[in-house]
Every structure is written in C-alpha cells, then in structure tokens.
Amino acid sequence: MHVYACVKRVPMTGGQITLTDDQRAISTRHLGFTVSPHEECAVEEAVQIVEREGGSVTVLTLGPAESEEQLRDMMAIGADQAVHLVSDGEEWDPQATAAAIVAAIRSDPQPPDLILFGNESADAGNYQVAVRVAHQLGLPCVTGVKAINISGGRARCEQEVPGGRDVYDAPLPAVVAVKEGINLPRYPSVPGRLRAKRKPLAASQPQRPPARLEMLRLELPPEAGKQVRILGQGPDAAPAVVEILSELGVL
Amino acid sequence: MSSPSTPLPASQSIVIIGAGIVGNSLAYHLTRLGEHDITLIDKGPLPNPGGSTGHASNFIFPVDHSKEMTQLTLESLRQYKDLDVFIQSGGIEVARTPERMQELQRRVSSAISWGIEPVSIITPEEIRELVPFINEKLLLGGFYTPGAGVVDSLRAATIMRERAQAAGLTVSANTEVIGFDVEHGRIRRVRTTRGDIEAQRVVIATGCWSPKLARMAGACIPIAPSVHQMIDIGPVPRFANAKGMIEFPIVRDVDTNMYERQEGTGLEIGSYAHRPIMMEAEDIPSIEASALSPTELPFTQGDFDPQMEIALELMPEIVGDESVGVKYAINGLLSVTYDGLPLLGETPEVRGLWSAAAIWIKEGPGAGKTVAELMVHGESEIDVFESNIARAYPSMKTRQHVFARAGEGFNKMYGIVHPSEQWETDRGVRLSPFNERERALGAVFYEAAGWERPAWYQSNAGLLDEYGDRVSRRESEWEARWWSPIINAEHLAMRDRAAIVDLTAFAIFDVGGPGALDAVQRVAMRQMDVPVGRVVYTPLLTPSGTFKQDLTIMRMADDVFRVVTGGAYGMSDLKWFKDHLPQDGSAQVHDQTSAITTLGLWGPRARDILASIARGDVSHEGFPFANWRALELGPLEVIASRISYVGDLGWELYVPIEQGQRLWDLLFEAGREHGLIAAGSGVYGTTGRLEKGYRAYGAELDGEYNVVEAGMAWGAVKEQDFIGKAAHVAHRQEEPAAVMCTLTVDDHTSASGVKRYMLGKEPILTLDGQPITDRKSRRSYVTSAGSGPSLGKYILMSYLPPEHAKLGERLLVQYMGERYPVTVASIDATALFDPYNSRIRS
Amino acid sequence: MSVLVLMEGADDELSLQALTFARELAQASGDGAEPSAFTIDGPYAPAAFGQTVADLIGARAPRAVIAPGSERGNEVMAHAAAILDEPLSANTTAFEPGDPPTVTRVRWGGSLLEQALLRARTLLITVAPHAVAAQAPGVMPEAVPASGHALALAPTERVGASSGGVTLEEASVVVSGGRGVGSAEGFAIIEELAGLLHGAVGCSRAVTSAGWRPHTDQVGQTGTKVAPELYIACGISGATQHMAGCKGAKKLLAINADGEASIFAHADYGVVGDLHAVLPGIAAEIRKARGA
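Note that the protein sequences, when read in sequence, are chains X, P and D. Position one of the first sequence corresponds to residue 0 (numbering that gives the first Met the number 0), numbered consecutively onward. Position one of the second sequence corresponds to residue 0 (numbering that gives the first Met the number 0), numbered consecutively onward. Position one of the third sequence corresponds to residue 0 (numbering that gives the first Met the number 0), numbered consecutively onward.
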C-alpha cells in the first residue's frame, strides 16, 4: 500500500485571534504552527494502515517554505517521505490547491492506493479539496470518515451521520477525507523526531493559477455582547442554578 | 477568588504587582513582619497567572559558587520544606570531561564553604546505581547533592498568598497595570484596569514583564526575557510503577547545558544549549493571544534537535523508546540579567518603587523574605549587595548591554566560569583618559564597573627577566588562566621603584551643603568633623553594625565632602548616601564619577617623581599621610591625596577627566629616570593589597561580618550618632565570633606534583579535615587569595573563630579535591609586609 | 436570472435557512424572482447527487445554486463543483452582488469571517448554519431524480445506530467537562448531572487528547456541533476551538473555578467555583426539588 496523507500548516490559536494590519492573515507573531486536527488523524490513520498492510506513507503539503516543519512533524509520527509543494505564501483557493495536489500525485512514479485528507482544514474550511482531487484523478471519494478498514483491495469507510454511521465500500485506489476521532494520534518519539530530519523530502514550486474564490480580507465576527449573570460562588449557588433550570424548562 | 465587582482599595501602604512565587512570598513576609494595607495584583488569573512560575521546571540544586545566591537558595529551600512542597530527590551534576571533574571539585569546595552537606564526588558506576537508565560510559564522574529536589512553586505561592490573606492581604487577579503616577520622584499611585490605588510603596515582582512596568514608571529593571527550551516525554514504561512522584535524582548534564529529570511517568528534558532567544518585555503576548500561556512560547524544534541526540545518547533506554512520546514542548520565558544576578531593592530612579525581579524558583521565597526585610528594616538577614538593583551604571541598563550580556551569559548557565573570566560582548564602553597610553603599553584590559582597566601590561614582560626567580609562576592551566606572572613582576618593580595605577573606575561623589557634615557623620562610622584637607578611611555600617561599605572621604571644604569608593558598588553607595540625606534638604549629593579621573602613584621613588614636577611641598612633614592638598603639576591643578591601598609611599592624584592623559604623560616623563612603570589592577587589587592585609568590600567585608570581627575597630567610637552605632558599640563589648586572619600556604604541591594556587572561596579545615564553623554558624573560607611577591609567600585571608585565630596555628585549605597546609600569620590588621607602615609613613 | 435551492427536505431547518439566503440573494441581484427549491430523489450517493446538481445547471442555466451548509449539503455541492470545475463558497453567511460578487464565509469554525470574490459562471454556495433565519415551511420542493455517476458510491449499510441514549446533537441539555475535571474518573459527577437532566455528556478537545473521554463526546470545531436548550460548561476555559462547537446553544451556564475564564464572556449564567464542589450540590438540589 502506498498511502498519501495531505496536510496544511495552520497556526495554533489560543483563546483570542488577532489579525495582521492588512487583515489578510492571522497575526502569528506569538503562535506556533501545527496541521489541522483532522489531518493529523489522517496521517496517523495512514501510518496505522501501513503498519498493518505494509507499504509506505507520503505526506504532502501545499504551503510556504516553513511548512517543512509540519512535514517533519508528520514524518516524526511515521510518514516515510514528504512532498512539499512550496507556495508563494499567498492564499491558494480550493481549485488551485486541488490542481497542484493532482499534478504532484500524477507525477509520482508509484501511484497511491489511498489518498487521505482531513475532512476540512482548520482555517479555511472549504470542504472540497478531497472531492476535487478525487474527480480529477477519477477516483471514488468518501468524506466525513470515522473508521477505515482495508481488505481485499477495498476500503470499508464509515461516514459519520446523525444517528449512526453509513458504510461505504470503496474500491482502491480511493480518496478518503477523515475526521478527528478516527484515532488518537500518537506523540512523536525522540527517535522518531530524529529520523524525521533525515527522511526524504521532495520540494517543487507549482505556479499559482488565478483564484476563482479570491480571499479579500478577514474580519472578526461581531461580539455577541452577552452579560453573564453570576448565580453564586461555590456549592452555595446550587439553589439558584436549579431555579434557572426550572425557568428554562429542562428540569 | 476575585470577581469584577470587588472594588480595589483606594489607598494602600504597599501594592505588589505580580502573583508568582516572588510576589506571593513577598506578600506573606510583609504581613509576617507586621505590615498592613497591602494589595497584591496580577493581570492573570490565579493560581497560575501565566508567568514563569507556572512553567518552571522547579528543581533546586543548592550549591552555587556565589555565597549570596546560595544563601537565597538555602533560605528558599527552608521555606519550601516548611510549606511541605519539597520532594527531596537528590541531584547529580555529571562530568564528561576532565576539566568538568575539576569544576565539580570546585563545587565541593563551595558546598563546604557555604555549609551544604553532604555532597560528594561519585564514580560513573555510582551514578548508574542512582540513575539506572543512564549511559555511564559517557561520564567521568558526578557531583552528588542528596539534598537537591523538586518543589511545587505554584502551591507554595498559593499557600503563602492564603496565609497573607488571612493576615489581611487584599488580592486582585485579572487586574492589569496601565500606568503609574510619580510625583516629585516618588511613586504615588498605581493605575489599573480595575481602578487606581494610591500607594506609598509599589513592588514590581513581575518577572519578565518587569522591564515594561518599570519603564511605565520612568524607572529601569534591566532584564532580557530569554527562552529556555524544555520537553516532557512519556509515559515511560520503566516509570509506570514509580511509587512516588520523583524516584530518581535529577541529572544535570552540564557539559551539554542540559538536564533530565523524572517526574511521575515522564522525563523532563531541558536545555540552555541553544542560541540565545530573547524578546522585549513589551512583546510578550497577552494571555488571550497565547496558545498555552504568555511565557510558554511556541517550541522551535530546530533549536532542540541537537539536544535530543544528546539526551538519547545519555539515556538511551528511556529517550530511545519508540513508545515514549514528546507530549509537551515549550520555549519557556525566563528573566535573565546582564550579570546573571537578581535585581532587588528600591529602584534608584523612583522613590518607593521597588524591584523584586530576575528571581528564579530556587531563590523565590528567600528573595521574597529578603526584599520584605529591606522594605521594613532597611537591611536584610541575607546581605544581597550583589543583587542590589542600584548597582547598575547607566550604560549597563541600556537595551544593547542587557541583551548582549544576557545572551553571552545564557550559554554559561551551566558553564565552567573562571572566577576572573571576562565578558566578551559590549566592551570598550567606558574608557579612561589613559586608555590610549595603556593600549600602547600592551595593557590587558579587564572590565571594572564597566570601565576598561588594565590588569597588567605586556610591555612589562621585561621585568620577568629582571626579577627572575622572585616572580612566581603558575603551573596549572586553571590558575594561569586570566592571570600573568607579569603582575608579580609589576608588584616587585613598584616596591623597588614606583608605579602608576589607573584608578578611573572609582566612583566619586561630593556631599555638599550646610548639612553636609551631619549627613556624612550619620553615614560614616568614623569621625568626619576633621579639618579641611584630611582624608578619612571609614566603614559604612548597616543598622545591625555589619559592613555596608568601606571607603575614603576627603573634607574638601567646610561644607563639601568628597566620597571615593570602589567602582563595583559605587552606584549602590551613591544611593545609600542619597537615602540618608537630611530630610530638610540641607545637603545634596553630586555624582562626580565621570568628571574626575584618578591615577595612583606609589613606590619608594614616588615622592622624588612628584617633587620633580610639583609646585608645592610634598615632604612628609609638609604633606602628611591621610591628607590631601591641591598641587600644581605643570598646567594641571591636581588634588593629591596621600593614602595607599598597596602599602607604599604615594598619592592618589585626581584631575578633571579631560586632563588625565596630560597627567599620565607628565608623570611618565618625570618617572623615567626613576624607573617608573605602569602597573595593573593585579597589583592594586590583589598582590599589594594582600601583602598589607587590606580588606576589600565584597570579599572580606560584607553584611555578615562586623567591624570588630574584621579587625577594624581601632580608636574610640565617635560621640555623634551614625547608622549601626548601637550595634557597633555592642560588638565592641563581646568576644568576636570570628576574626579576620591572614594565612600563608606552606606547601602548594598537589598529589600529581603540580603546584596549585587557590583563587578564593575555598574552605579552611582543621588538621583532621573538619570544616570550621563559628558560633554564628558561619564557615571559615578563603575570602581573598593571591601572591605576596615581596614576601615570597602565597596569601589567603579568612575569618577564623577565636580557637583557631592564633599566630602559627596550622590548618588546611581544600582546593580542587586536595588539602594543602596553611599557617595563620596574622590575626588582626597587622600586615605581613612592612607591619609598622614605615613605607607609607616615610 | 434564476436561483435554485437544494433542500434536504421540505421541513429541514438548514435547508429553510438556505432558502432564506437564496431569496435575499435573488432580491439583491435585481429581479427578485422566487428561487426554485428542489430535492434529489433517490438513495444518497454523493457523487451521483453532485452529478444531479451539475445536470440541473446544464439544463436550467441558473445564476446560482444554494444549498445548506450541512455535512451532506457541503459534500454534494463539492462534487457538483468538482464536476463542473466551478468554485464553491462553503458555509457562506452573506452575499453582495457585483462583478464578480463578494461572499462572506466562515473560517476557523466561526471564529473568523472571510470576504472573498466568487468568480463563477454559476454561483455555487452553501449557507453556514444559523447565519440567517429559516423560512417558514410550506415550500414544496421539486423532486429531481438522481443522475448516475461512474464513481458514485452509496452507503451499503448503517451501523452504530444510537442505542437509545440521548445523542449530543439532539440533546436538549448538554453537560460538558473540560480540563478542569482533572481525570477520567472525575467525569462521574458530569455523567450524574447529565443523567438527572436527561441530557448528554460532552467534553472539550483537551479531554479527548488526554484520553479521558471518547472523541464522540467532543464538542468543538473538530468535534460535534451542538444546539441544546442549555449547555453547561464545567471546567472549560472557552478556547475558540470549543466555542465553535457550542455556540448554537440557546443558553450557556459556565461553572469554573477561575472567575475570569473567557468562558464567562460567552455565558448567560455563571457559577464561580470548583466544579467538584459545585456539581454535587446542584445534583442534590435537583433531587430535593423533584422529591418535593
């Protein structure tokens, strides 16, 4: 099995987001970076599949030069090699992103059996790059997946839906977009970290086509302006809480 | 617990800003000392407001080469134990190199000198027994401190805060300072997001935010907030059944600037090896904008990669386990200063604004107690003169200096730092008027109070041949480092002929005005109501009669006194004088340090040289000892002061700084036929001084010892009141617990046959190898060490209790793991060289 | 100029919100013609449903197709956009006509908004949940038969159907615990209160990362998004990642030892105190109230 896992470098935000002066990005002066939580699970899933089925995991990203940090992070938890599509640091829309990924995968002499994505990125949340990649590669696609079982050249994928999980039986090769909860990603070990430094990383610089969903600016949503009513301090607040529960009709 | 509706008090005696280990401890000790109306505020939530206390590694190794830092740590340990938040795990500093093994022996010496026992040097196999997962094959040995351990600093802070609250402390979390009101140089008000508080005194205890807050008040707390990297890995299968939280000693892999310690099922790995990563206090993120906390910054993996390799090599079984994950990794912010020491005391810029900053967990409660005592009593049980915030000269407080030195010092955190080691960065800031001449003579410059001061002159190398065997050499690289035999040769030339010494680093200030006499009388121990023209050498005492400083004061006029003091603590002394001026404004202090330069001229030919160019009487009768006179030297008017710190005939010559070079040239020209040389601080500060048994502040004299013990209680106690008088009078009535003695080393030969020379702080032992403790629980240790070239002896100074303070008493000194015989040669101020001062008074 | 609205059902809340959005878009764009609503008839198969939308666009040449920002709405529209190679604005909150028009859409699970130009022949838009009010039901959407697609996969079975307990999505009360709960065992009191209120147990991401609760309990940007009558947040600080999952709650009660935790800025009611001291008292009080 050759499994691709596609990830995106995003800032690790705290309780409050601040924007850069030009309002085109989050101010990351004091922030670290990570990959989207769904994508970290995608890499973990890819590693677990390969641990069971044999093969190798390629982690791919489209992002600025600094994204190498995230590729190394992912190789530290078990990805075998990395493909870095080095961007110009500008925002790439979903179509451009998908096209660059498709081109990279097509140029791989060892075509993947499975391409994993996070269901949506933590920052842009466009919900479509995996689907676009699947269509362009002519592969079946399942999204919102919380479990994957590989058997007999097929991937049995469980998609989370209200009230249960729908099972899709996808022939490989396939594209699967997973959600956090499919697994609990491991922490990197120190040897894993050190190995990651030496694992192969292929970098290339795709050209960014004109955006068709072109980000202009970001803004913070208006504050709800809620005024909290403090019901009390410590256990003495219990009667006041129960009164509210009764008022709200949930008792 | 706070809530937005709790109003702040309108007016308080003391407002403490910062609820980390320092602020809470300070609040506790202030209430314990009876202070009332205190409010503690922090911009963050409690119990962890987000500063360095919240992420510190919390381990404590008590032994440091600095007495002051060790005392702060020991006091802190005592408090942590009282609060029941200390887990004793032991700690091992491991050595990978022979040089480090020697350094570990130095640490044994410091441990004995400061009374920390037991400690021991252990073998690699013994290390492995204590830490079974260590790769002992990399190690040559270790310094084992069984008393080391780990504290819960947040818990300690919480307990102390709660105790203070029970005694009336007001606490307001989530309260950010937005400004200060300073009126007539005194703090008046703290302005916060929850309203204003009038305050008589305000303490900044905000760690790496301190510079920002100080700037808001127009003061300076010079700190470079610096990153220390650490990671937690786990869960470690081997630790799964750990019975206690901490079962294995902490390992400091000092040669790689790292530490490893087990806690619970994890292993924490920390590093001071990476490039200095510093930031401005103003740039520390807010709590809301931080992913973890403001002082837990994003980890920069690339800086830590080499450290992972090292940890893997040292503890392969744990760190190399593929199942053990890196669970937490941060760049934690710490407070680092330009000289590595804390910043304690009232700021010199704003009255009533105090600093309790640049303190780490191991010093926290001790520093809190100390600052509380300083605020309440004006002195503290632990003398923190090295950490006095007033010590810094303006150029030391600049951003460039603070960041350059903090960066340079960062990688020395676990370094082997020679006692005479010089800084490399940001040199050449304060240049004496003689600098050009000194460079021409091949001066080797050491830094003194920021000045470039010659330690010796390479151009004097020819004296080595002249004095031949009389010049002692040093065979061991360690003692030969930052030293030259030329110092001893310069010394002999001075004793034979004459030398000039650059004394520009002196701090000089004039106390003037109608109340000047009363002002200096109050501060100085000795009688200051002397005729104009007299020079008085006097101790300054603390209220409890120990040393605040020793210095000279010249009566320049009826209402002007010129204070001349060593550069190192000159600014602290300036503040001390200012703090004790008469309330009525009848006296003022004017700093003359950068206006006046000083050149020393000493040696048997000094009078001949001076007489050949001076208009005026320089005869012994016409210009007696301990007097100053204005002399004309060519076109210069010179204040000549007939005193000596090297024990020879001569003068300190003062001129306006711009005339210094001309003075140098005049003297050099006149001295040519008399064989005048230039000598460095090696002669002035060490060899000349020690032969005469002259005490130095910071070495022999500090807040732990009184005048009687120092052997300086000659003459009657003056009638007028002065700071520390009552205590001083009492000291004269009692037998001293120890007295300052001069010792000589009988044999320098080590086991390997190489002659070794002590450099200071070594413990003095009885002949059966026992440490010596006086009745005040103070250990006897070497306060100063150096050659006495004219005596042909190596001289040590040490306080000894009366039972050992006997002429001819034979004792031992422990140096680098070996013991050397020494003999007590003087038990009072009597000098080994020229004991009747015939040279000075000739 | 016509606007089509893909609905998941005639009464579906998010579809009715999409209809509102479509009407506003139609009005803003000029003619104000009533949008045409449709549903896709046939067993759910994402690629085939996407092909259906693409075929409908081919046949009717609408200016825009609007769909709800549900999991399925986003998935079907992504397929349609991929098939047509058109851009898709997912989770959109506002539309401003122009050439090209400007859309406002949700980022970071709602912590941030983005304004973007949408350069498309046909505007494909999904509407962020609760960005606009739902239309009153009553529209009869046209049932369009599903098209076929070579890559279409359809679910073969439904597993793990809820075992009778109240699900997070449906619960009228959610009692959630955060890092402040302290341990897996600490959730006993959370479970007890949830049980008393016939509610569901939720948790923050810190809790699932620590392994104290399964991910299925996680409320947040990458967990479940809930919309109960009352959300009780216990020992939760209020990070953006978590608030993205519970901002649909009608009322929020925060219980936190830190009176300044940012959760209180989002709360309607607050109790300052350690949850381990506060919750047993509330449980006891509820029992007392019921017993009385």
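Here a beta-carbon is modelled for each residue, glycine too, at the ideal position from N, C-alpha and C.
(Q) Below 8 Å, is the gap between the Cβ of D:C233 and the nearest heavy atom of the ligand MG? (A) Among the components modelled here there is no ligand, and therefore nothing to report on the ligand MG.
Q.
Can you find the residues in the same chain that come closer than 8 Å, C-beta to C-beta, to D:G237, ignoring five residues on each side of it along the sequence?
A. Locating residue 237 of chain D in the third sequence gives position 238, where the first residue counts as 1. Excluding sequence neighbours, D:G237 sits near A253, A260, S261, I262, F263, A264, H265.
Q.
Suppose only complete runs of 3+ residues qualify. What are the beta strand (DSSP E) ranges in the region 99-134 of chain D, listed by chain order?
A. Taken in chain order, the complete beta strand (DSSP E) segments of 3 or more residues contained in the region 99-134 of chain D are 101-106, 111-117, 122-126.
**Q.** Contacts of X:L247 in chain D (Cβ-Cβ under 7 Å)
**A.** Taking the first residue of the first sequence as 1, we reach residue 247 of chain X at position 248. Going along chain D in sequence order, the residues near X:L247 (Cβ under 7 Å) are E228, L229, K250.
Q) DSSP puts P:G141 in a beta bridge; with which residues? A) Here residue 141 of chain P is taken as the residue at index 142 of the second sequence, counted from 1. P:G141 is bridged by DSSP to P:V93, P:I121.
**Q.** Counted within 10 angstroms of its Cβ, other Cβ atoms place P:R260 as buried (16 or more) or exposed
**A.** Against the second sequence, residue 260 of chain P aligns to sequence position 261. If you draw a 10 Å sphere on the C-beta of P:R260, you find 16 or more other C-beta atoms in it, and that means buried.
Q) Is the Cβ-Cβ distance between P:P8 and P:I196 less than 9 Å? A) As a first step, residue 8 of chain P is located in the second sequence; it is residue number 9 there, counting from the start. As a first step, residue 196 of chain P is located in the second sequence; it is residue number 197 there, counting from the start. Cβ atoms of P:P8 and P:I196: closer than 9 Å.
Q) Which same chain residues, not among the five before or five after P:G377, have their C-beta less than 7 Å away from its C-beta? A) Along the second sequence, read from residue 1 onward, the residue named residue 377 of chain P stands at position 378. Answer for P:G377: P542, listed in chain order.
Q) Are the C-beta of D:A260 and some C-beta of chain P separated by less than 9 Å? A) For this step, residue 260 of chain D is matched to residue 261 along the third sequence. Chain P, which has a Cβ nearer than 9 Å to the Cβ of D:A260, makes this yes.
Q: For X:Q127, count neighbouring C-beta atoms within 10 Å of its own C-beta (all shown protein chains included) and say buried if the count is 16 or more, exposed if not.
A: Taking the first residue of the first sequence as 1, we reach residue 127 of chain X at position 128. Under this definition X:Q127 is a buried residue.
(Q) For the region 680-698 of chain P against the region 424-438 of chain P, do three or more pairs of beta-carbon atoms, one drawn from each stretch, fall closer than 8 Å, so that the two count as touching? (A) no
Q: Give the single residue among D:L278, D:L87, D:A93, D:E33 whose Cα lies nearest to the Cα of D:H129.
A: For this step, residue 129 of chain D is matched to residue 130 along the third sequence. For the options D:L278, D:L87, D:A93, D:E33, the alpha carbon positioned closest to that of D:H129 is the one of D:A93.
Q | Secondary structure of P:M229, DSSP reduced to three states | A | Locating residue 229 of chain P in the second sequence gives position 230, counting from the first residue. P:M229 carries a strand assignment under DSSP once its states are collapsed to helix, strand and coil.
**Q.** Under 9 Å from the C-beta of X:L215: neighbouring residues of chain D
**A.** For this step, residue 215 of chain X is matched to residue 216 along the first sequence. Neighbours of X:L215 on chain D, chain order: T101, E113, Q114, A115, L116.
Q: Could you tell me which uninterrupted alpha helix (DSSP H) segments, each at least 4 residues in length, are contained entirely in the region 478-559 of chain P, listed from first to last along the chain?
A: 485-495, 515-522
(Q) I'd like the span of the beta strand (DSSP E) that includes P:L598, first residue to last. (A) For the purposes of this step, residue 598 of chain P is taken as the residue at position 599 of the second sequence. P:L598 -> beta strand (DSSP E) spans 595-601.
**Q.** Residue span of the beta strand (DSSP E) that contains P:G265, given as start and end
**A.** The residue you call residue 265 of chain P lines up with position 266 of the second sequence. First-last of the beta strand (DSSP E) with P:G265: 265-270.
**Q.** For P:E262 and X:E218, the rounded distance between their alpha carbons
**A.** Taking the first residue of the first sequence as 1, we reach residue 218 of chain X at position 219. Taking the first residue of the second sequence as 1, we reach residue 262 of chain P at position 263. Using only the alpha carbons, I get a separation of about 44 Å.
(Q) Am I right that P:H673 and P:A497 are in contact with their C-beta atoms under 8 Å? What's the rounded C-beta distance? (A) By 1-based counting over the second sequence, the position of residue 673 of chain P is 674. By 1-based counting over the second sequence, the position of residue 497 of chain P is 498. Right, the Cβ-Cβ distance comes to about 6 Å (below 8 Å), so this counts as a contact.
Q: Examine chain D for any beta-carbon lying closer than 9 Å to the beta-carbon of X:N125, and answer yes or no.
A: On the first sequence, position 126 is the one that residue 125 of chain X refers to. Judged by the 9 Å Cβ criterion, X:N125 is in contact with chain D.
Q: Note down, in chain order, every chain X residue with its Cβ under 7 Å from the Cβ of P:S289.
A: By 1-based counting over the second sequence, the position of residue 289 of chain P is 290. The answer, in chain order, is G13, H29.
Q: Identify whether P:R200 lies in helix, strand or coil by the three-state DSSP scheme.
A: To locate residue 200 of chain P, count along the second sequence from 1; it is residue 201. Strand at P:R200.
Q) Using a Cβ-Cβ distance under 9 Å, would X:E218 count as near chain P? A) Locating residue 218 of chain X in the first sequence gives position 219, where the first residue counts as 1. So, not an interface residue.
Q: Go through its chain and collect everything with a Cβ distance to P:I115's Cβ below 6 Å, but skip five positions before and after it.
A: For the purposes of this step, residue 115 of chain P is taken as the residue at position 116 of the second sequence. If we look at P:I115 and ignore the five residues flanking it on each side, its Cβ neighbours are P61, V62.
Q. If you follow the alpha helix (DSSP H) that P:Y704 is part of, which residue opens it and which one closes it?
A. Within the second sequence, residue 704 of chain P is the residue found at index 705, counting from 1. Here P:Y704 belongs to no alpha helix (DSSP H), and DSSP marks it neither H nor E.
Q: Would you mind reading off the limits of the alpha helix (DSSP H) that contains D:P279?
A: Against the third sequence, residue 279 of chain D aligns to sequence position 280. D:P279 -> alpha helix (DSSP H) spans 274-290.
(Q) Give me the chain D residues within the contact set of X:D20, using Cβ-Cβ distance strictly less than 9 Å, ordered along the chain. (A) One-based indexing of the first sequence puts residue 20 of chain X at position 21. Within chain D, not a single residue places a beta-carbon under 9 Å from that of X:D20; the smallest gap is close to 16 Å.
Q: Report the residues of the region 27-50 of chain P with a CB closer than 8 Å to any CB of chain D, ordered along the chain.
A: P44, L45
Q. Should P:A272 and P:Q300 be called a contact, given that it needs their Cβ atoms to be closer than 9 Å?
A. Along the second sequence, read from residue 1 onward, the residue named residue 272 of chain P stands at position 273. Along the second sequence, read from residue 1 onward, the residue named residue 300 of chain P stands at position 301. No, the pair does not count as a contact, with Cβ atoms beyond the cut-off.
Q. Whose C-beta lies closer than 6 Å to the C-beta of D:V131 among residues of the same chain, with five residues either side of it excluded?
A. Residue 131 of chain D sits at position 132 when you count from the first residue of the third sequence. Taken in chain order, the residues that qualify are Q16, T19, F20.
Q: Check the C-beta distance from P:V531 over to P:I552 and give it rounded, since I have them as a contact under 8 Å.
A: Within the second sequence, numbered from 1, the residue matching residue 531 of chain P stands at position 532. Within the second sequence, numbered from 1, the residue matching residue 552 of chain P stands at position 553. Contact annotation, P:V531 with P:I552: C-beta distance approximately 12 Å; criterion of less than 8 Å not satisfied.
Q) Is D:S1 helix, strand or coil by DSSP? A) Residue mapping note: residue 1 of chain D aligns to position 2 of the third sequence, counting from 1. It is coil, neither helix nor strand.
Q. Would you report the Cα separation of P:L266 and P:I126, rounded to the nearest angstrom?
A. To locate residue 266 of chain P, count along the second sequence from 1; it is residue 267. To locate residue 126 of chain P, count along the second sequence from 1; it is residue 127. Straight-line Cα distance between these residues: approximately 17 Å.
Q: Give the DSSP-derived three-state secondary structure of P:E808 in the structure shown.
A: In the second sequence, residue 808 of chain P corresponds to position 809, counting from 1. The answer is coil: DSSP assigns P:E808 none of H, G, I, E or B.
Q) Since P:D549 and P:R755 are thought to touch, with beta carbons under 8 Å apart, how far apart are those beta carbons, to the nearest angstrom? A) Here residue 549 of chain P refers to the residue found at position 550 of the second sequence. Here residue 755 of chain P refers to the residue found at position 756 of the second sequence. Contact flag wrong, Cβ pair sits at about 31 Å.
Q) With a cut-off of 9 Å, does the C-beta of D:A66 fall near any C-beta of chain X? A) The residue you call residue 66 of chain D lines up with position 67 of the third sequence. Closer than 9 Å: no.
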